[in-house]
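Visitor: I am attaching a structure below and will ask some questions about it afterwards.
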Amino acid sequence: MSAIRLLVLGAVRMHGRAHGYQVRNDLEYWGAHEWSNAKPGSIYHALKQMAKQGLLLAHETAPSTAGGPPRTEYEVTEQGLEEYRTLLRNAIRSYDQNLDVLSAAIGFIVDLPREEAVALLKERIEGMKEWRDAVTEYYTPEDGPESLGHIGEIMNLWVHSADSGAEWTRGLIERIEGGAYTFAGEGDPFVGVLAEGEENPYATGVPDPGDHD
Numbered sequence: 001m002s003a004i005r006l007l008v009l010g011a012v013r014m015h016g017r018a019h020g021y022q023v024r025n026d027l028e029y030w031g032a033h034e035w036s037n038a039k040p041g042s043i044y045h046a047l048k049q050m051a052k053q054g055l056l057l058a059h060e061t062a063p064s065t066a067g068g069p070p071r072t073e074y075e076v077t078e079q080g081l082e083e084y085r086t087l088l089r090n091a092i093r094s095y096d097q098n099l100d101v102l103s104a105a106i107g108f109i110v111d112l113p114r115e116e117a118v119a120l121l122k123e124r125i126e127g128m129k130e131w132r133d134a135v136t137e138y139y140t141p142e143d144g145p146e147s148l149g150h151i152g153e154i155m156n157l158w159v160h161s162a163d164s165g166a167e168w169t170r171g172l173i174e175r176i177e178g179g180a181y182t183f184a185g186e187g188d189p190f191v192g193v194l195a196e197g198e199e200n201p202y203a204t205g206v207p208d209p210g211d212h213d
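Every letter in the sequence shown is one number past the one before it in UniProt numbering, and letter 165, counting from 1, is 165.
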């Protein structure tokens, strides 16, 4: 799974309707350009592609607040909303997702009901356990990687990654079950997007041709 589809769908959904530069600005505000493939070209390409696929509806009449030419605004369709929820759930439950995909999913996890989020995270832990059990049939971490030569370092890396990932996931579950954060249906959600015209202190400031679409 690519993180960019989840990030773009989630950002547009939070606004209701948003033009491409707003989406780019939000993702830079979240630092997504540092930990994912959410670069300007990828963002604008994803918006156009998902509009062609029926996941986003493009409105060609939005005037630019800066006085320039009209910009295209996008909103998530019912099909896009279904795709967003599928991507989100799969990213949370799957133990072997890339870190950028998991990071994107955690950014939107509060769009789910609290109980569902916990259940998906528990699926993630179970997947890690099953994978670890399979791997440790051939590699015993307690014996150290040297028992398999330097190739054992590969197994050592993956087992340690699974263990640390499971520990982090258990901590997140504990915080959520303890009442942390506002989940779907519980009240006003956390506002994580910039208002139109609000300055972004984390913007890269690097221009892109798509900024004016």
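Beta carbons: idealized from backbone N, C-alpha and C, even for Gly.
Take Arg72 as the anchor and find which of Gly80, Gln79, Glu82 and Glu60 has the nearest alpha-carbon.
Guide: Reading off the sequence, residue 72 comes out as Thr, not Arg. Closest by alpha carbon: Glu60.
Visitor: How long is the line joining the alpha carbons of Val76 and Glu153, rounded to whole angstroms?
Guide: In a straight line, the C-alpha of Val76 is about 45 Å away from that of Glu153.
Visitor: Quick check on Arg170: buried or exposed, where buried means 16 or more other Cβ atoms within 10 Å of its Cβ?
Guide: With fewer than 16 Cβ atoms within 10 Å of its Cβ, Arg170 is classed as exposed.
Visitor: The alpha helix (DSSP H) with Tyr21 in it runs from where to where?
Guide: Tyr21 -> alpha helix (DSSP H) spans Gly20 to Tyr29.
Visitor: Alpha carbon to alpha carbon, what distance is there between Gly179 and Leu9?
Guide: Each residue's Cα considered, the two are about 27 Å apart.
Visitor: Out of Val159, Asp163, Glu196 and Asp111, which one is the CA nearest neighbour of Glu186?
Guide: The candidate whose alpha carbon is nearest that of Glu186 is Asp111.
Visitor: Which residue from Glu130, Glu198, Ala117 and Arg93 puts its Cα closest to that of Asp163?
Guide: Ranking the options by Cα distance to Asp163, first place goes to Glu130.
Visitor: Hey, does Ser42 have any beta-carbon neighbour from chain B nearer than 8 Å?
Guide: Reference to chain B is not applicable here, since this structure consists of a single protein chain.
Visitor: In three-state DSSP terms, what is Tyr138?
Guide: Coil.
Visitor: CA-CA distance, His160 and Gln97?
Guide: Rounded to whole angstroms, His160 to Gln97 spans 16 Å at the Cα level.
Visitor: Going by the CB atoms, is the gap between Ile43 and Ile4 shorter than 8 Å?
Guide: Yes, these two residues count as a Cβ contact at 8 Å.
Visitor: Helix, strand or coil: how does DSSP classify Arg17 here?
Guide: Three-state DSSP puts Arg17 in coil, outside helix and strand.
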